[in-house]
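Each residue of the sequence shown is one higher than the last, beginning at 2 in our numbering. The beta-carbon is built from N, C-alpha and C at its ideal position, and this holds for glycine as well. Take a look at the structure below.
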Amino acid sequence: MPQRILVTGGTGQLGRVLVDQLVAAGQRVRVLSRRGRTGGGAEWTTGDLRTGRGLDVAVAGADVIVHCATDFRREAEVMRRLVEAARWGRQAPHVVYVSIAGVDRVPLGYYRAKLAAEEVLAGSGLPYTILRATQFHALVRSLLAAAARLPVVPVPRWRFQPVDVRDVAARLAELAAGPPRGRVADLGGPEVRSAADLVRALLAASGRDKRVVRVWWPGRLYRSYAEGGNLAPGHADGVVTFERYLAERGNVAAMRYR
Ligand SMILES: NC(=O)c1ccc[n+]([C@@H]2O[C@H](COP(=O)([O-])OP(=O)(O)OC[C@H]3O[C@@H](n4cnc5c(N)ncnc54)[C@H](OP(=O)(O)O)[C@@H]3O)[C@@H](O)[C@H]2O)c1
């Protein structure tokens with residue numbers, strides 16, 4: 002029996018892939034977006050998690066809500082609005098939330114906000130599941146791409162464990178189909194690699210080779226990354242490597258790092 006699944010953020014880089022996977026699996030999918038859209042085998046609904054506009058219609062009848070929308074400034078407030086809307090109905094849907102590995106270790110404002118959103122959900126009385134994932138390939142690539150344009154490439158002494166959104170979406174789809182599990186094991190990409198190694202992979206993907214120098218910055222944020230606060234090494238469950246992601250991006254040949 003297909004479930005009725007509301008995906009918030011179903012237009013984002015993760016949400017888009019999740020919607021496709023859920024539709025392909027035969028689930029009944031509704032997507033919430035601030036802009037009216039159609040297509041993709043899903044039902045579309047317009048609403049805004051910041052103001053609450055349209056949320057009553059969006060959550061109506063949902064068995065599961067997979068919350069992939071994100072609001073950098075108001076992550077916890079948005080979660081509060083979502084769970085309030087979900088409680089208006091009588092169904093107490095299972096809310097699945099995607100968070101970030103290390104939200105309780107890395108001193109970034111956005112991470113603190115994600116942790117606060119997790120706490121709002123855990124205290125909401127709704128059945129829930131929280132999955133923390135490591136950084137997506139696209140984020141790691143864009144973080145390193147700016148440095149890769151310089152003649153000599155400076156990189157922090159950090160490691161990343163980039164994960165593909167297809168792997169994260171697949172785990173979310175599995176969790177959405179199952180019972181609420183509270184916080185589950187983190188999901189990490191297949192490899193933990195130094196930033197220097199990843200930037201070399203990025204350069205190689207566009208046929209370049211440059212000198213890479215490791216640099217150090219003072220401060221708590223730098224240190225928490227240097228200590229691996231952003232990693233989930235015991236959960237390297239993703240399968241798509243950074244090289245495969247770069248190769249599949251297709252337009253790497255057009256990129257210029259001079
Ligand atoms: N990027 C990473 O490396 C990473 C790693 C681990 C976890 N995560 C988490 O994964 C989730 C998805 O990230 P992403 O990179 O796929 O996000 P994204 O591409 O930036 O997409 C953001 C989504 O949020 C929706 N949204 C924003 N404000 C909204 C509002 N007020 N009301 C309704 N919808 C709103 C947007 O929908 P519309 O514009 O259509 O309204 C859009 O679909 C986030 O929670 C993020 O923290 C990301």
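If you reduce the DSSP assignment to three classes, tell me which class residue i lands in.
{"i": "residue 183", "result": "strand"}
{"i": "residue 154", "result": "strand"}
{"i": "residue 99", "result": "strand"}
{"i": "residue 18", "result": "helix"}
{"i": "residue 149", "result": "helix"}
{"i": "residue 137", "result": "strand"}
{"i": "residue 217", "result": "coil"}
{"i": "residue 159", "result": "coil"}
{"i": "residue 30", "result": "strand"}
{"i": "residue 166", "result": "helix"}
{"i": "residue 127", "result": "coil"}
{"i": "residue 8", "result": "strand"}
{"i": "residue 200", "result": "helix"}
{"i": "residue 194", "result": "strand"}
{"i": "residue 119", "result": "helix"}
{"i": "residue 44", "result": "strand"}
{"i": "residue 232", "result": "coil"}
{"i": "residue 109", "result": "coil"}
{"i": "residue 258", "result": "At residue 258, the pLDDT of 40 sits below 50, so the modelled position is not reliable; the number obtained from the coordinates is stated separately. Of the three classes helix, strand and coil, the one that applies to residue 258 here is coil, per DSSP."}
{"i": "residue 1", "result": "There is simply no residue 1 to check, as the chain begins at 2 and stops at 259 in what is shown."}
{"i": "residue 132", "result": "strand"}
{"i": "residue 188", "result": "strand"}
{"i": "residue 104", "result": "coil"}
Beta-carbon separation of residue i and residue j under 9 Å?
{"i": "residue 125", "j": "residue 97", "result": "no"}
{"i": "residue 32", "j": "residue 12", "result": "yes"}
{"i": "residue 114", "j": "residue 51", "result": "no"}
{"i": "residue 194", "j": "residue 154", "result": "no"}
{"i": "residue 233", "j": "residue 134", "result": "yes"}
{"i": "residue 60", "j": "residue 7", "result": "yes"}
{"i": "residue 5", "j": "residue 65", "result": "yes"}
{"i": "residue 231", "j": "residue 137", "result": "no"}
{"i": "residue 94", "j": "residue 127", "result": "yes"}
On a CA-only basis, which of the options is nearest residue i? Give me that one, please.
{"i": "residue 240", "options": "204, 213 and 165", "result": "165"}
{"i": "residue 140", "options": "110, 200 and 122", "result": "200"}
{"i": "residue 146", "options": "202, 99 and 55", "result": "202"}
{"i": "residue 9", "options": "3, 53 and 25", "result": "53"}
{"i": "residue 3", "options": "17, 19 and 24", "result": "24"}
{"i": "residue 83", "options": "247, 187 and 49", "result": "49"}
{"i": "residue 131", "options": "248, 238, 102 and 81", "result": "102"}
{"i": "residue 105", "options": "118, 94 and 93", "result": "118"}
{"i": "residue 72", "options": "111, 222, 186 and 181", "result": "111"}
{"i": "residue 157", "options": "93, 221, 214 and 17", "result": "214"}
Mind checking which residues open and close the alpha helix (DSSP H) that includes residue i?
{"i": "residue 67", "result": "Looking at the DSSP string, residue 67 is not in any alpha helix (DSSP H); the run it does join, the beta strand (DSSP E), is 65-68."}
{"i": "residue 249", "result": "243-250"}
{"i": "residue 85", "result": "76-89"}
{"i": "residue 57", "result": "56-60"}
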